[in-house]
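Remarks on the structure that follows.
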Amino acid sequence: MKKRYLVIALVALSLLSLFVGVSSISPIDLLDFKSEETEIFLISRIPRLIAIILAGAGMSIAGLIMQSLSRNKFVSPTTAGTLDATRLGILISMLVFTNATYFQKISFAFIFALAGTLLFMQILNRIKFKDAVFVPLVGLMFGNILASITTFFAYKSDIIQNISVWLQGDFSLILKGRYELLYISVPVLILAYIFANRFTVAGMGEDFAKNLGLSYNKVLNLGLVLVALISTTVVLTVGMIPFLGLIIPNIVSIFKGDHLEKTLPHTALLGVIFLLICDILGRVIIFPYEIPISMTVGVIGSAIFLFLLFRGKAYA
Amino acid sequence: MIQVKEVSKYFAKKPVVDNVSVNIQSGKITSFIGPNGAGKSTLLSMVSRLLDADTGEVLLDKSDVRKWKSNDFSKRISILKQSNYMNVRLTIRELVAFGRFPYSKGRLNAEDEKMVDQAIEYMNLGDLEDSYLDELSGGQRQRAFIAMVIAQDTEYILLDEPLNNLDMKHSVQIMKILRKLVEDLGKTVVIVLHDINFASVYSDFIVALKDGRVIKDGPTHEIINSDALKEIYDMDIPIQEMNSCRICVYFNS
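Chains as they are written, first to last, in the working numbering: chain P, 1 to 316; chain C, 317 to 569.
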């Protein structure tokens, strides 16, 4: 898995993504700056591509950080309740403020994502039976409890429709002006890279980290804040994207190991490539309609997840 | 020098380590021995600051270990616990390089690289340096961890049952390496051992614990005799001398 090939694949898929869609746009149309095609290109296609890149890289790295810190290969924002907690946060913000501003939603979603993930890590500390498959099952149950609380209150207040927007990840709603929140992932990813070595050391366990003089709890908390930030921005703009944070880091780990400083770029690149493929497929399969990204990622992702499970053994 | 002064540790109000005082001699191998649940590992954890003592204090260079900055402390004392069998996929070289973390925070300079090379060579892992830890045998993995500690370049090396799950050949190999670390590099090794014969053959000093208390503490030859062992293990253990090694024949006692 060479970085060079990943970059080439990324560029090729990005170009393809820009020119796939209901209205056919060819590169020649873009020469006319005032044409309708150029406008669609600037308002819809480019924002969509940027959103995919930021969300794909973000979710994969969030998964990578969580797997390292929880020392379990099957923990990710999907399997630790982070995404469900984020959604609960958005719901609460909508219940508390009748017309929740963007900022209120973001703050609530962030606080809930962070609290939810922290709670899961606490549960993880308490349970004695730390089997590789058992831990994510606990996380999924935890997430489902949060999800049912969300659904319950959404039904009661008749906002189930609004909430379902965040249930399904969907890039077709991404337009200029509706995705810029995702840019928060850029500094987050840079921070993740700067702290990569610390995350790797923390991933070797508390005793091990302390032996090397690492402030274990600080690093743990920083990691969870980064994960919560990424999850919040992605859920609020695109919606839930399942499995991405789970399978991408695992695939990279098989080929490149777990030295985060070395695997972080690969993980981000592969995450984007995978999401681009899923998005293009979703746009092509029932053309001119679209399958939401959470569906394509869910189907392909769960198949890969099953494969990883059966392959299992030492990597889990 | 490390001085343990009247240290106690309670788990659920039950003393696991009970008012223990011990001095650890520099440049020697000191073994902690004793029956299961005697508090050996807990004591080692408190010396290495992985656990805080409830009462009493551990002094490194006459100052309380809790007052040391964690980064400075990790340049003086290193510890390997049994639980180091982790599932992180790192190559031997990557692991050993993390031994330099207290110095470089992961961005190695030329000096660090040299130390890593030396540590790998010292442990004879040159051919394996790019293999992943999960592809190694137990003995190779244990050597990789010790190489990391060598790269960490601390005066004190603390090991919690490093021979666990190792066969005879690899156990001997590890003990010989520890002996060499003391003789060649002037390290101080403190080790929790289950097999009293390894303690007898390789250590300079023995600290025997039982029910959280030190019941014997002294040079190896003072501890390895039938009377003292009777007190420690409640067993009548005959001692046989062979090639100036004292062997405890406990198998049928």
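Positions of the beta carbon are idealized from the N, C-alpha and C atoms, including for glycine. Since the model is a prediction, treat every value here as computed from it, not as a measurement.
Span separating the alpha-carbon of residue i from that of residue j
{"i": "E290 of chain P", "j": "F171 of chain P", "result": "10 Å"}
{"i": "M204 of chain P", "j": "S23 of chain P", "result": "51 Å"}
{"i": "V432 of chain C", "j": "A413 of chain C", "result": "6 Å"}
{"i": "S253 of chain P", "j": "R405 of chain C", "result": "7 Å"}
{"i": "N425 of chain C", "j": "H537 of chain C", "result": "45 Å"}
{"i": "Y438 of chain C", "j": "K496 of chain C", "result": "10 Å"}
{"i": "D446 of chain C", "j": "E547 of chain C", "result": "48 Å"}
{"i": "A303 of chain P", "j": "L309 of chain P", "result": "10 Å"}
{"i": "D287 of chain C", "j": "C564 of chain C", "result": "The structure shown does not extend to residue 287 of chain C, since chain C is modelled only from 317 to 569, so the question has no answer here."}
{"i": "R45 of chain P", "j": "K2 of chain P", "result": "28 Å"}
{"i": "I230 of chain P", "j": "I145 of chain P", "result": "22 Å"}
{"i": "S519 of chain C", "j": "I111 of chain P", "result": "54 Å"}
{"i": "S164 of chain P", "j": "T101 of chain P", "result": "18 Å"}
{"i": "K492 of chain C", "j": "E322 of chain C", "result": "32 Å"}
{"i": "Q434 of chain C", "j": "L501 of chain C", "result": "12 Å"}
{"i": "V297 of chain P", "j": "C278 of chain P", "result": "6 Å"}
{"i": "A544 of chain C", "j": "I553 of chain C", "result": "10 Å"}
{"i": "Q67 of chain P", "j": "Y179 of chain P", "result": "27 Å"}
CB contact check: residue i to chain P, cutoff 9 Å
{"i": "L366 of chain C", "result": "yes"}
{"i": "P386 of chain C", "result": "Note that residue 386 of chain C corresponds to Ser in the displayed sequence, not to Pro. Yes, because at least one Cβ of chain P sits closer than 9 Å to the Cβ of S386 of chain C."}
{"i": "Y472 of chain C", "result": "no"}
{"i": "S357 of chain C", "result": "no"}
{"i": "S390 of chain C", "result": "yes"}
{"i": "G442 of chain C", "result": "no"}
Start-to-end residues for the alpha helix (DSSP H) that takes in residue i
{"i": "Y438 of chain C", "result": "A426 to Y438"}
{"i": "F327 of chain C", "result": "Element bounds for F327 of chain C: not the alpha helix (DSSP H) but the beta strand (DSSP E), I318 to F327."}
{"i": "Q104 of chain P", "result": "Y102 to R126"}
{"i": "L543 of chain C", "result": "For the sequence presented, residue 543 of chain C should be read as Asp rather than Leu. Element bounds for D543 of chain C: S542 to Y549."}
is_contact[residue i, chain C] using C-beta, thresh 9 Å
{"i": "K34 of chain P", "result": "no"}
{"i": "S253 of chain P", "result": "yes"}
{"i": "A316 of chain P", "result": "The predicted position of A316 of chain P is uncertain, since its pLDDT is 43 and thus under 50; a value taken from the coordinates is nonetheless stated next. Cβ-Cβ to chain C under 9 Å: yes for A316 of chain P."}
{"i": "G257 of chain P", "result": "yes"}
{"i": "S17 of chain P", "result": "no"}
{"i": "A12 of chain P", "result": "no"}
{"i": "S70 of chain P", "result": "no"}
For residue i, the first and last residue of its enclosing beta strand (DSSP E)
{"i": "E290 of chain P", "result": "Unbroken run through E290 of chain P: none, as it is neither H nor E."}
{"i": "E373 of chain C", "result": "T371 to L376"}
{"i": "V381 of chain C", "result": "Looking at the DSSP string, V381 of chain C is not in any beta strand (DSSP E), and its letter there is neither H nor E."}
{"i": "G534 of chain C", "result": "R529 to P535"}
{"i": "Q556 of chain C", "result": "I555 to M558"}
{"i": "F348 of chain C", "result": "I345 to I349"}
{"i": "A463 of chain C", "result": "Here A463 of chain C belongs to no beta strand (DSSP E); instead the alpha helix (DSSP H) covers G454 to Q468."}
{"i": "D84 of chain P", "result": "Per DSSP, D84 of chain P belongs to no beta strand (DSSP E); it is in the alpha helix (DSSP H), T82 to V96."}
{"i": "P331 of chain C", "result": "K330 to I340"}
Any C-beta of chain B under 9 Å from that of residue i
{"i": "K73 of chain P", "result": "No chain B appears in the structure shown, which is made up of the protein chains P and C."}
The stretch 533-542 of chain C / the stretch 366-373 of chain C touching (three or more Cβ pairs under 8 Å): Judged by Cβ distances under 8 Å, the stretch 533-542 of chain C makes no contact with the stretch 366-373 of chain C, as fewer than three pairs qualify.
field: Residues from the stretch 392-418 of chain C in contact with chain P, defined by Cβ distance under 8 Å
entry: Within the stretch 392-418 of chain C, the residues whose Cβ lies closer than 8 Å to some Cβ of chain P are S394, I395, L396, K397, S399, N400, M402, N403, V404, R405, L406, T407, E410, F414, G415, F417 and P418, listed in chain order.
task: Please determine if the stretch 191-205 of chain P and the stretch 254-264 of chain P are in contact, where contact requires at least 3 C-beta pairs separated by less than 8 Å.
output: Contact between the stretch 191-205 of chain P and the stretch 254-264 of chain P is present, because at least three Cβ pairs lie under 8 Å.
Three CB pairs or more closer than 8 Å across the stretch 472-480 of chain C and the stretch 385-395 of chain C: Using a Cβ-Cβ distance cut-off of 8 Å, the stretch 472-480 of chain C and the stretch 385-395 of chain C are in contact, since at least three pairs of beta carbons, one from each stretch, lie closer than that value.
message: Does the stretch 181-194 of chain P come into contact with the stretch 154-169 of chain P, if we say contact requires no fewer than three beta-carbon pairs (one atom in each stretch) closer than 8 Å?
response: Taking 8 Å as the limit for Cβ pairs, the verdict is that the stretch 154-169 of chain P does not touch the stretch 181-194 of chain P.
field: Meets three-Cβ-pair contact criterion under 8 Å: the stretch 505-524 of chain C and the stretch 339-354 of chain C
entry: They touch, by the three-pair rule.
task: With 7 Å as the C-beta to C-beta threshold (strictly closer), list the residues of the stretch 193-209 of chain P near chain C in chain order.
output: If the cut-off is 7 Å between Cβ atoms, the stretch 193-209 of chain P has N197, V201, G203, M204, G205, D207 and F208 near chain C.
query: If you measure beta-carbon to beta-carbon, which residues of the stretch 262-280 of chain P are closer than 9 Å to chain C?
result: Among the residues of the stretch 262-280 of chain P, those with a Cβ less than 9 Å away from any Cβ of chain C are K262, in the order of the chain.
message: What are the residues in the stretch 447-472 of chain C lying within 7 Å of chain P by C-beta distance?
response: Of all residues in the stretch 447-472 of chain C, only Y448 and D450 place a beta-carbon less than 7 Å from a beta-carbon of chain P.
task: Note down, in chain order, all residues in the stretch 211-244 of chain P with a beta-carbon under 8 Å from any beta-carbon belonging to chain C.
output: Taking 8 Å as the Cβ-Cβ cut-off against chain C, the residues of the stretch 211-244 of chain P that qualify are N211, L212, G213, L214 and S215.
query: Counting Cβ pairs closer than 8 Å, one from the stretch 93-106 of chain P and one from the stretch 215-223 of chain P, do we hit at least three?
result: Taking 8 Å as the limit for Cβ pairs, the verdict is that the stretch 215-223 of chain P does not touch the stretch 93-106 of chain P.
query: If you measure beta-carbon to beta-carbon, which residues of the stretch 19-52 of chain P are closer than 8 Å to chain C?
result: Taking 8 Å as the Cβ-Cβ cut-off, the stretch 19-52 of chain P has no residue approaching chain C.
query: Using 8 Å as the Cβ pair cut-off and three pairs as the minimum, do the stretch 76-83 of chain P and the stretch 117-133 of chain P touch?
result: Put simply, the stretch 76-83 of chain P touches the stretch 117-133 of chain P. At least three CB pairs are less than 8 Å apart.
- prompt: For the 8 Å Cβ check, are there 3 or more pairs between the stretch 278-287 of chain P and the stretch 327-346 of chain C?
  reply: No, the stretch 278-287 of chain P is not in contact with the stretch 327-346 of chain C.
- prompt: Does the count of Cβ pairs from the stretch 18-38 of chain P and the stretch 269-278 of chain P closer than 8 Å reach three?
  reply: No contact exists between the stretch 18-38 of chain P and the stretch 269-278 of chain P.
message: Does the structure place the stretch 55-66 of chain P close enough to the stretch 231-250 of chain P that three or more beta carbon pairs sit under 8 Å?
response: With a cut-off of 8 Å, the stretch 55-66 of chain P and the stretch 231-250 of chain P count as touching, because enough Cβ pairs lie within range.
field: Selection of the stretch 418-433 of chain C by Cβ proximity to chain P, strictly under 7 Å
entry: Within the stretch 418-433 of chain C, the qualifying residues are P418, K421 and G422.
field: Inter-stretch contact (C-beta, 8 Å, three-pair minimum) for the stretch 482-490 of chain C and the stretch 451-469 of chain C
entry: In short, these stretches touch, since the Cβ pair count reaches three.
Meets three-Cβ-pair contact criterion under 8 Å: the stretch 23-37 of chain P and the stretch 139-157 of chain P: Contact fails: fewer than three Cβ-Cβ distances are below 8 Å.
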